[in-house]
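In the UniProt record's numbering, the protein residues as written are 1 to 500.
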């Protein structure tokens, strides 16, 4: 083997993403709230960026005085270079007269005897501030009580030994969100910090299982349901037998088998099953409050005067940005090369952000308008008239890559006369009917549910029969496809749907 070093020339093509392109893709994918957070972050880091809307925390009033560009409504739509030129010209004769006028107004509104250096607010002022803070605290939302806190408040009323009390508190802390133990009792005893007899552990567990809500502290579903049966429960004996011995048969709807094994009448079994439905298999979920996610649509669609559906962007939550004219003047007038280079980098960063936001608005509106044009029947007649649509079709019309469409519709919502929908809701595949018409899979799901709802529950349709019923309506599907969509719609099998 010989090792040697040589120099060679080779020509090749490589595609690399520039930082500006990466930023544009990131801005395009962000929903409205995250875009607003991104803009707030850039405003805090880049001092050259300013908000055009003063009510939303825009430029200070002294910078807006005498600035004709700030009040020109066409400024936000002008090219960035024109905006810079106009701001530089408008700020050339800026002076400090407005500052002195504002100071004079402040001195007139706030006399010297009210606030002087070293003085303190009066007692009435302190009382007003205290009352205001008290009102704020009274109206603030309190943290909801957790399951563990609710159970410990009850458990402390029991008269038990210190060891049982300590292990009982340990068991409460090991309950999951459903209110069940996460491990078996011997395992919990083994990992407990101090040795405890299994008899004492059983006492602690029985005390926990006496707490409210009923069913707390169970180790499985069967025990959870049995703990909720009281002497006053109707059909107590039948219900106890069904839960302890035939829970799987009930899930599989094998009622005749239960009738043969238990000897109970079929009517009594059905009545006991109805009583079982009143039991709570997850007693701890009432304390798990998931945060409510609010949806803010970024677009709205309405009919214009010509009867065409048109898309409008809702950008009232996103502030309009501009580059500060003051620092642009410094860039032109400051002779320090280091200062110029620093301001140039900030200007370039601000330009990239403004261009990325404008590109986001343009791409999002084009994509949404194309989707609306393709799904006009959905808006006119309802979701059952949705058409098959792929992202490739939208990308071809807009003239962008399919990944750009995917980023544009990610976590974006549109307000329509029929409700607020995700843009991804309008995409989906489909099949072809016998007449050659393309039908979306959502329509197949709707038809399948209609057939199941109208069937005879004493003789429900099997999956093969569902295939035949769909074929009668012109939808030729395989049995495995029907089974897949039946499970996706949480429709039980024909045996589980049967009523005796």
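Glycine included, each C-beta is placed from N, C-alpha and C at the ideal position.
Compute every distance between the C-beta of residue i and the non-hydrogen atoms of the ligand MN, then say whether any falls below 6 Å.
i, result
"residue 229", "Ligands are entirely absent from the displayed structure, and the ligand MN is therefore not among its contents."
When you compare each of the options to residue i by their alpha carbons, which one comes out closest?
i, options, result
"residue 184", "167, 207, 218", "218"
"residue 209", "283, 453, 244", "283"
"residue 202", "160, 234, 450, 403", "160"
"residue 512", "345, 235, 307, 252", "What the structure shows of the chain is the stretch from 1 to 500, and residue 512 is not part of that stretch, so it cannot be assessed."
"residue 321", "46, 221, 154, 23", "46"
"residue 424", "464, 368, 446", "368"
"residue 23", "215, 38, 325", "38"
"residue 269", "299, 300, 237, 285", "237"
"residue 400", "375, 374, 362, 376", "362"
"residue 43", "493, 393, 319, 488", "319"
"residue 25", "267, 313, 491, 408", "408"
"residue 156", "207, 366, 196", "207"
"residue 412", "253, 233, 364", "364"
"residue 244", "230, 231, 223, 260", "223"
"residue 272", "233, 302, 308, 305", "233"
"residue 216", "197, 177, 253", "177"
Excluding sequence positions up to five away, which residues of its chain have a Cβ less than 6 Å from the Cβ of residue i?
i, result
"residue 457", "499"
"residue 279", "225, 228"
"residue 397", "370"
"residue 452", "491"
What did DSSP end up calling residue i once you bin it into helix, strand or coil?
i, result
"residue 36", "helix"
"residue 367", "helix"
"residue 303", "strand"
"residue 413", "strand"
"residue 295", "coil"
"residue 439", "strand"
"residue 478", "coil"
"residue 420", "strand"
"residue 241", "helix"
"residue 50", "strand"
"residue 389", "strand"
"residue 235", "coil"
"residue 175", "strand"
"residue 8", "coil"
"residue 254", "coil"
"residue 264", "coil"
"residue 496", "helix"
"residue 286", "helix"
"residue 277", "coil"
"residue 318", "coil"
"residue 461", "coil"
Got a sec? Which residues, its chain only, sit under 7 Å from residue i by beta carbon, not counting five neighbours each side?
i, result
"residue 440", "386, 387, 388, 428, 430"
"residue 360", "27, 28"
"residue 204", "164, 167, 168, 171"
"residue 464", "479"
Given this structure, state the Cα-to-Cα distance separating residue i from residue j, to the nearest angstrom.
i, j, result
"residue 93", "residue 415", "Unreliable placement is indicated for residue 93, whose pLDDT of 41 sits below 50; the coordinate value is still reported in the next sentence. Rounded to the nearest angstrom, the two C-alpha atoms are 47 Å apart."
"residue 348", "residue 293", "36 Å"
"residue 310", "residue 390", "20 Å"
"residue 336", "residue 356", "30 Å"
"residue 448", "residue 179", "37 Å"
"residue 276", "residue 262", "17 Å"
"residue 220", "residue 166", "23 Å"
"residue 353", "residue 331", "19 Å"
"residue 296", "residue 163", "53 Å"
"residue 329", "residue 323", "11 Å"
"residue 404", "residue 51", "28 Å"
"residue 461", "residue 483", "12 Å"
"residue 149", "residue 426", "45 Å"
"residue 145", "residue 151", "10 Å"
"residue 312", "residue 255", "57 Å"
"residue 147", "residue 168", "14 Å"
"residue 8", "residue 393", "45 Å"
"residue 479", "residue 378", "28 Å"
"residue 497", "residue 381", "32 Å"
"residue 494", "residue 475", "21 Å"
"residue 333", "residue 49", "19 Å"
"residue 266", "residue 260", "10 Å"
"residue 327", "residue 343", "7 Å"
"residue 10", "residue 299", "50 Å"
Once the 5 residues before and after residue i are set aside, which same chain residues still bring their CB inside 8 Å of it?
i, result
"residue 477", "431, 444, 467, 470, 471"
"residue 188", "170, 171, 174, 181, 201"
"residue 258", "242, 246, 249, 250, 264, 269"
Please check if any C-beta of chain C sits within less than 7 Å of the C-beta of residue i.
i, result
"residue 498", "Absence of chain C from the displayed structure is noted, only one protein chain being present."
Name, in chain order, the residues that DSSP records as bridge partners for residue i.
i, result
"residue 42", "Paired residue(s): none; residue 42 is not in a bridge."
"residue 325", "Its beta-bridge partners do not exist; DSSP assigns none."
"residue 310", "302"
"residue 180", "218"
"residue 431", "439"
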